[in-house]
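Have a look at the structure below before the remarks.
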Amino acid sequence: MAATQADLSAALVLTPVPPADWLVVLPVALPLLAGAVLTMLRRSVRLQAALAVPVLALVVLLDALLLAHVHGNGPVTMVMGRWLPPFGIAFTADLAGVLFALAAAVVALAGSVHALADIGDGERRYGFYPFLLLLVAGVTGAFLTGDVFNLYVWFEVLLISSFGLIVLGSEARQIDGAIRYAFLNLVATTLFLVATGYLYGLFGTLNMADIAVKAAERRADLPTMTLAALYLLAFGMKAAAFPVHFWLPASYHTPRVTVSALFAGLLTKVGVYALLRTLVMLFPVEREELSFVIALAGAATMLVGALGALGQSDIRRLLGYTVVSGIGVMLSGLALGSPGGVGGAIFYALHSMVVMTALYMAAGLAGRLSGTFDLNRLGGLHARSAFFSGLSLVLVFAVSGLPPFSGFWPKVMVTKAALDIGAWWLAAAILASGFLTTIAFARLFLLAWWRPAEGDLPAVEMPAGALLPLALLAVLALWFGLFPDALLSAVQSAAQGLADPSAYVRSVFPEVN
Amino acid sequence: MELLFVLLVAVFFAAAVYLMLSKALVRMLLGTVLLANAVNLLLFASGRVLRAVPPIIPAGRDVPAALTANPLPQALILTAIVISFSFFAFLLVLVYRAWQDLGTDVANEMRIAEPEDEPAPPAGY
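So this is what it looks like as structure tokens:
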């Protein structure tokens, strides 16, 4: 404390940020700004979609550029207000985060196009598009931030936007579902905040790179196991892992189909991403200790989800249980912790974002064409449109994990990683849940598409706006099933980047190493 | 001083969990308010409780003259207060709407989204 004049270069960034590094914040800043503008233009119903869809397309482009930048140069960091980390809040984009962000942006763009045909003027007037853009800002911010408290703030941003989306329409069943969704997610984020308070009390820092370094040095003296267990519970609840998954099948079928599709693609995967970030990068030793618990929870989540899907007659509720089942595979990858396991978990998360969103859209279209979501009454959809039937079949194969579609490769990766360390029961659980999912979806396709309709289907037009994003996502599922090499190597480098964060740390603290 | 804080936080958490285990939504709502405040106190304690001056740096200096209080937990708490208050406002309206539209504030009696008598899926064609 002797000096009265400090050397500011130790605390502040004094050189201008390279232009390419601005890509780190643009995918968050742009939807946030557009969301604010659209909130002000709430009454101009026509402007809403005309602005939101191009903005989301631009976000996809920015995320793709950022992916190319990060893939070429390693993790990129930008700090807020020129304060150097660990004082300033850092945004650090590494391969894992950017892959998630790009998939989220693609799903959101598909959702915004689907909304053209599914979301009416009334819902637009009550802010569908602003909520969607703020949801995208929150999700992308969570994927790109390098600060634990900032991650909490982005969780709250996406949570409050999802509250707005889930009650859009204000039907009694939505309010019922929203209550379960809102209370349990609020408890989960509060647990996250509790863990973050302890984390700050122990380490005196909230910067992820700083924590990764300090945890490696001071692990023996600190109760880090408590932190890891609390994060596992909090993010497990957000990700809808057994036994804290009950909010998901109770609420995901209640809102508008576009909203369900967006939730299935975006929300639980943020929980999975946060689990990977905290348990693989920050607390790897503690994750190893907890791996049996995580594996048990993963196996139970897969089987409970698949059995739940078998027992549903409402196809939207069937899909809700399928989302839960997929989370189990990602948890198994996390429990294994090897590059194959974590890489498989990331791949499965990306696959699940695309395919579950598309399946909800397909279910919505099926419901619109036949006037019901009940498996007992659905039928005749193949006769109605062979193209729609073909797209749905692609998705049914992909979600069941059958080749040559995108669900096959991550399941191979995780199963192989499980067999490599002799966890045969975990591999068996993955295969059993895949088998049960195949039965559930084969029955769905058989009854709703192939079975002849009992009466005449209602005379409804086939909406092109709903079919277009569905086709786009189905093509993605087929593409990454046929040509998985690029993505396989990307998720493996992403998993290595999480397991050995030295490049991440160097990007935040360039002068240290 | 810190022991006192810890006990206070523990009482807050216990009361919050007790209230949230209730079936009545209004009690659950009050439980979430108490929970948020319990966490705020916990965040405050995590920055260490000590007798120190406010972190204000006199003019002409870049570093504080003496030991100051930690301003970061207060910034965290401020953020958390804003967030938890807005969530409380949303949940309050939601619960009120549930009472108006569903005619009950007991969680177990709300079965519209998940009807008890839903038919099983067909076993065959």
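Taken in sequence, the protein lines are chains R and H. Under our numbering, the very last position in the first sequence is 1172; numbers go up by exactly one each time. Under our numbering, the very last position in the second sequence is 130; numbers go up by exactly one each time. All C-beta atoms, glycine included, are put in the ideal place defined by N, C-alpha and C.
Which residues does DSSP pair with residue i in a beta bridge?
i         : result
R:Asp1033 : R:Asp973
R:Phe640  : This structure leaves residue 640 of chain R out entirely; chain R is present only between 660 and 1172.
H:Ala29   : H:Val111
R:Asn866  : R:Asp806
R:Trp742  : R:Leu671
H:Val58   : H:Thr73
Taking only beta-carbon positions, decide if residue i is within less than 9 Å of chain H.
i         : result
R:Ala1175 : Look at the range of chain R in this structure, 660 to 1172, and you will see that residue 1175 of chain R is not part of it.
R:Ile986  : no
R:Gly694  : no
R:Thr885  : no
R:Ala662  : With a pLDDT of only 49 at R:Ala662, under the threshold of 50, the placement of this residue in the model should not be trusted, and no figure is reported.
R:Asp806  : no
R:Gln971  : yes
R:Gly828  : no
R:Phe1094 : no
R:Ser820  : no
R:Gly860  : yes
R:Phe942  : no
R:Glu815  : yes
R:Val853  : yes
R:Arg839  : yes
R:Val1053 : no
R:Arg701  : no
R:Tyr740  : For clarity, residue 740 of chain R is Gly in the given sequence; the question names Tyr instead. It does not; no Cβ of chain H falls within 9 Å.
R:Val929  : no
R:Gln1151 : no
R:Asp869  : no
R:Arg915  : no
Closest Cβ-Cβ distance between residue i and chain R: below 9 Å?
i        : result
H:Ala85  : yes
H:Glu119 : yes
H:Phe90  : no
H:Leu77  : yes
H:Val40  : At residue 40 of chain H the sequence reads Leu, which differs from the Val that was named. By this cut-off, H:Leu40 is an interface position.
H:Ala125 : yes
H:Ala50  : yes
H:Val44  : yes
H:Leu81  : yes
H:Leu57  : Before going further, note that residue 57 of chain H is Ala rather than Leu in the sequence given. False, the Cβ-Cβ gap to chain R never drops below 9 Å.
H:Ala74  : no
H:Ala112 : yes
Less than 8 Å between the CB atoms is what I'm expecting for residue i and residue j, so what's the real figure, rounded?
i         : j         : result
R:Phe862  : R:Phe814  : With 8 Å as the limit, R:Phe862 and R:Phe814 do not qualify as a contact, their Cβ atoms being about 20 Å apart.
R:Ser997  : R:Ala1091 : Between R:Ala1091 and R:Ser997 the Cβ distance is about 22 Å, and since that is not below 8 Å, they are no contact.
R:Tyr1007 : R:Pro1069 : 4 Å
H:Glu123  : R:Ser972  : 6 Å
R:Thr1016 : R:Gly924  : 4 Å
R:Ala898  : R:Leu934  : 6 Å
R:Phe942  : R:Ala874  : 6 Å
R:Val795  : R:Pro914  : Contact flag wrong, Cβ pair sits at about 17 Å.
R:Gly1156 : R:Leu754  : 5 Å
R:Leu768  : R:Leu697  : That belief does not hold up - the Cβ atoms of R:Leu768 and R:Leu697 are roughly 16 Å apart, past 8 Å.
Run the proximity test for residue i: is its beta-carbon closer than 8 Å to any non-hydrogen atom belonging to the ligand NAD?
i       : result
H:Leu13 : The model depicted lacks the ligand NAD and carries no ligand whatsoever.
Q: Taking a Cβ distance cut-off of 7 Å, strictly less, list which residues of the region 670 to 693 of chain R are near chain H, in chain order.
A: Those residues of the region 670 to 693 of chain R that come within reach of chain H (Cβ to Cβ, closer than 7 Å) do not exist; the list is empty.
Q: Please name the residues in the region 1019 to 1047 of chain R whose beta-carbon is closer than 9 Å to at least one beta-carbon of chain H, in chain order.
A: Answer in chain order: Asp1033, Leu1034, Asn1035.
Q: With a floor of 4 residues, list each alpha helix (DSSP H) that falls wholly inside the region 957 to 1020 of chain R, ordered by position along the chain.
A: Unbroken alpha helix (DSSP H) stretches of 4 residues or longer found wholly inside the region 957 to 1020 of chain R: 974 to 995, given in chain order.
Q.
List, from N- to C-terminal side, the beta strand (DSSP E) runs of 3 residues or more that fit wholly inside the region 749 to 783 of chain R.
A. Counting whole runs of 3 or more residues, the region 749 to 783 of chain R contains the beta strand (DSSP E) stretches 749 to 752.
Q: Could you run through the region 6 to 18 of chain H and flag, in chain order, every residue whose CB is less than 7 Å away from some CB of chain R?
A: Residues passing the 7 Å Cβ filter: none.
(Q) Please give me, in chain order, every unbroken run of the beta strand (DSSP E) with length at least 3 that falls completely inside the region 1015 to 1100 of chain R. (A) Here no run is fully enclosed.
**Q.** Near-chain H residues of the region 763 to 788 of chain R - C-beta to any C-beta below 8 Å
**A.** Against chain H - using a Cβ distance shorter than 8 Å - the region 763 to 788 of chain R contributes no residues.
Q | chain R contacts from the region 23 to 39 of chain H (Cβ-Cβ distance under 8 Å) | A | With the criterion set as a beta carbon lying under 8 Å from some beta carbon of chain R, the members of the region 23 to 39 of chain H are Met25, Leu30, Met33, Thr37, in sequence order.
Q: Using a Cβ-Cβ cut-off of less than 8 Å, give me the residues of the region 94 to 108 of chain H that come near chain R, in sequence order.
A: Answer set for the region 94 to 108 of chain H: Phe95, Leu96, Leu99, Val100, Arg102, Ala103, Asp106, Leu107.
**Q.** Residues, ordered as in the chain, of the region 875 to 905 of chain R that lie near chain H by beta-carbon distance below 9 Å
**A.** For the region 875 to 905 of chain R, which is checked against every Cβ of chain H, not one residue is closer than 9 Å.
Q: Report the residues of the region 976 to 1002 of chain R with a CB closer than 7 Å to any CB of chain H, ordered along the chain.
A: Going along the region 976 to 1002 of chain R in chain order, one finds no residue with a Cβ nearer than 7 Å to chain H.
**Q.** Any alpha helix (DSSP H) of 4 or more consecutive residues that is wholly inside the region 850 to 906 of chain R
**A.** Fully enclosed alpha helix (DSSP H) runs of no fewer than 4 residues occupy 867 to 877, 883 to 898 of the region 850 to 906 of chain R, in order along the chain.
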